[in-house]
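First up is the structure itself, then whatever we jot down about it.
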Amino acid sequence: MLLTQDTKLIKEQSSSFRGALRASGVMAFAGLGDALLYPVLPVYGKELGFSVFFIGVLLSVNRFVRILANTHIANLVKQIGMRNMLLITSSLAVITTFMYGLKLGLIAFLISRILWGLSYSGLKIATLNYASKAKKKSGLAFGLTQSIKSLGALFVLWFGPIVIGEFGIQKGLFIIAGISLFGILIAYSLPNSAIEKTNDKVKSKVTFYPSPMNLLILMLSISIDGILVVTLAHLLTIRSIISSELLVYVASYLLLKRLFVILFSFIGGMLSLRYSTSKLFNIAVIGCLIALVLITAEMTIIGIVLAFLCNTIVVTFSPLVAIKQQKNSLQAISSVSTWWDLGAAIGALIGIFAIEILGMQYLFLSLFIITTILFINFYIKNAKSSRSII
Numbered sequence: 181m182l183l184t185q186d187t188k189l190i191k192e193q194s195s196s197f198r199g200a201l202r203a204s205g206v207m208a209f210a211g212l213g214d215a216l217l218y219p220v221l222p223v224y225g226k227e228l229g230f231s232v233f234f235i236g237v238l239l240s241v242n243r244f245v246r247i248l249a250n251t252h253i254a255n256l257v258k259q260i261g262m263r264n265m266l267l268i269t270s271s272l273a274v275i276t277t278f279m280y281g282l283k284l285g286l287i288a289f290l291i292s293r294i295l296w297g298l299s300y301s302g303l304k305i306a307t308l309n310y311a312s313k314a315k316k317k318s319g320l321a322f323g324l325t326q327s328i329k330s331l332g333a334l335f336v337l338w339f340g341p342i343v344i345g346e347f348g349i350q351k352g353l354f355i356i357a358g359i360s361l362f363g364i365l366i367a368y369s370l371p372n373s374a375i376e377k378t379n380d381k382v383k384s385k386v387t388f389y390p391s392p393m394n395l396l397i398l399m400l401s402i403s404i405d406g407i408l409v410v411t412l413a414h415l416l417t418i419r420s421i422i423s424s425e426l427l428v429y430v431a432s433y434l435l436l437k438r439l440f441v442i443l444f445s446f447i448g449g450m451l452s453l454r455y456s457t458s459k460l461f462n463i464a465v466i467g468c469l470i471a472l473v474l475i476t477a478e479m480t481i482i483g484i485v486l487a488f489l490c491n492t493i494v495v496t497f498s499p500l501v502a503i504k505q506q507k508n509s510l511q512a513i514s515s516v517s518t519w520w521d522l523g524a525a526i527g528a529l530i531g532i533f534a535i536e537i538l539g540m541q542y543l544f545l546s547l548f549i550i551t552t553i554l555f556i557n558f559y560i561k562n563a564k565s566s567r568s569i570i
């Protein structure tokens with residue numbers, strides 16, 4: 181009897197592991213259009229008729245949508261299953277990418293970004309939920325999932341500028357939307373997942389609770405996924421550079437960021453088989469703090485590279501660190517995703533204004549000080565929690 185139960189459990193975990201890898205493939209294709217906008221809008225936004233303010237709004241509104249939607253999407257995943265959620269959201273992702281290229285004006289672009297926010301929320305929560313069920317290999321599953329889903333952005337940050345340079349923004353985005361269709365095919369190939377029948381609903385009051393973990397995630401996300409990403413064009417600008425060259429320059433650094441995700445998420449996943457994910461998470465946070473200091477000291481290139489590298493490990497393992505603190509995996513995933521989204525949205529919204537008003541040094545010094553305080557608070561509270569369990 182016990183042998184039968186163990187065999188069944190192993191099969192379920194193996195199925196979840198494979199499901200997580202396929203689901204991350206869906207995310208890779210679904211996210212092509214969004215990934216391309218981050219280098220395109222800061223460079224070509226004014227040519228499209230968008231002010232600096234609205235460029236920030238368009239790059240951040242999808243994250244604000246996810247902040248409000250994550251809890252409800254998590255409950256919907258519980259009701260309709262992970263496969264159905266991935267089918268719906270990958271289809272929606274293709275539609276939004278196509279809408280980007282229609283040049284229908286600000287309102288239509290804004291609507292498409294809102295729809296993408298809903299789509300990404302479903303894609304991410306369903307994929308991470310697959311990975312969380314791989315139990316003994318959950319660290320490896322999270323690492324591989326993060327690596328695979330970044331392959332799409334890696335591809336589009338290389339291919340996108342070439343296509344846009346050759347065919348223009350409109351046709352370029354239509355081509356990217358066509359490639360995104362492969363995500364729907366992968367989602368369709370997923371086996372029907374069992375719908376969870378537990379009574380553990382994902383609650384908004386838990387999702388939005390400002391725990392030490394959530395506050396640390398918020399500040400790291402503001403600093404690196406938000407401000408650093410949207411101010412790359414400012415940080416990397418040199419004299420006598422034209423828009424098309426700057427686009428390639430910025431895209432190259434975002435490409436490097438994705439390369440780090442692919443490589444170091446995998447390495448982190450392998451290391452998690454030997455070392456605790458909490459230890460890897462803490463080391464990565466310290467690396468992010470050092471990166472902020474380097475940027476403050478005008479060692480910009482080294483700082484950017486280190487920030488992207490260490491942030492990869494933080495993003496990979498933060499959901500797993502949160503899951504270990506809560507019994508409900510969907511609740512933990514919803515909470516972490518929401519605070520990451522909130523931070524990235526705030527950072528994307530204020531980043532360009534903040535660096536113009538404060539300057540690079542004062543801005544990144546402020547980010548370092550605040551993040552350090554929050555990390556110390558998290559580390560102390562986490563250490564107390566670990567001792568109380570023992």
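Here the numbering used here is used: the first residue of the sequence shown is 181, the next is one more, and so on.
From the three backbone atoms N, C-alpha and C, an ideal C-beta is built for every residue, glycine too.
Just so it is clear, the structure is predicted and the values come from calculations on it, not from any experiment.
- The alpha-carbon separation between K437 and L412 amounts to approximately 12 angstroms.
- Secondary structure at K283: coil, using DSSP grouped into helix, strand and coil.
- At the C-beta level, T496 and G448 come within 8 angstroms of one another.
- Annotation: the continuous alpha helix (DSSP H) that includes F488 extends over 480-503.
- For A534 and L370, the gap between their C-alpha atoms comes out near 44 angstroms.
- The alpha helix (DSSP H) runs lying completely inside the stretch 386-460 and spanning 4 residues or more are 392-400, 412-416, 423-451, given in chain order.
- Taking a contact to require three or more Cβ pairs closer than 8 angstroms, the stretch 355-363 and the stretch 263-278 qualify as touching.
- Counting the other CB atoms within 10 Å of its CB gives W338 a total below 16, which places it among the exposed residues.
- Collapsing the DSSP output to three states places Q350 in a helix.
- Taken through DSSP and simplified to helix, strand or coil, S270 comes out as helix.
- Around the beta carbon of P222, 16 or more other beta carbons sit within 10 angstroms, so the residue counts as buried.
- Sequence-distant Cβ neighbours of G352 in its own chain, meaning closer than 6 angstroms and more than five residues away, are V343, I344.
- The Cβ atoms of F233 and F362 lie no closer than 8 angstroms to each other.
- Excluding residues up to 5 positions away in sequence, T276, M279, Y280 lie with their Cβ nearer than 7 angstroms to the Cβ of S292 in the same chain.
- Between the stretch 442-459 and the stretch 237-250 there are fewer than three inter-stretch CB-CB distances shorter than 8 angstroms, so the stretches are not counted as touching.
- Membership of S231 in any alpha helix (DSSP H) is not indicated, and neither H nor E is assigned to it by DSSP.
- Collapsing the DSSP output to three states places K317 in a helix.
- Non-local C-beta neighbours of S546 in its own chain, meaning closer than 8 angstroms and more than five positions away in sequence, comprise L538, ordered along the chain.
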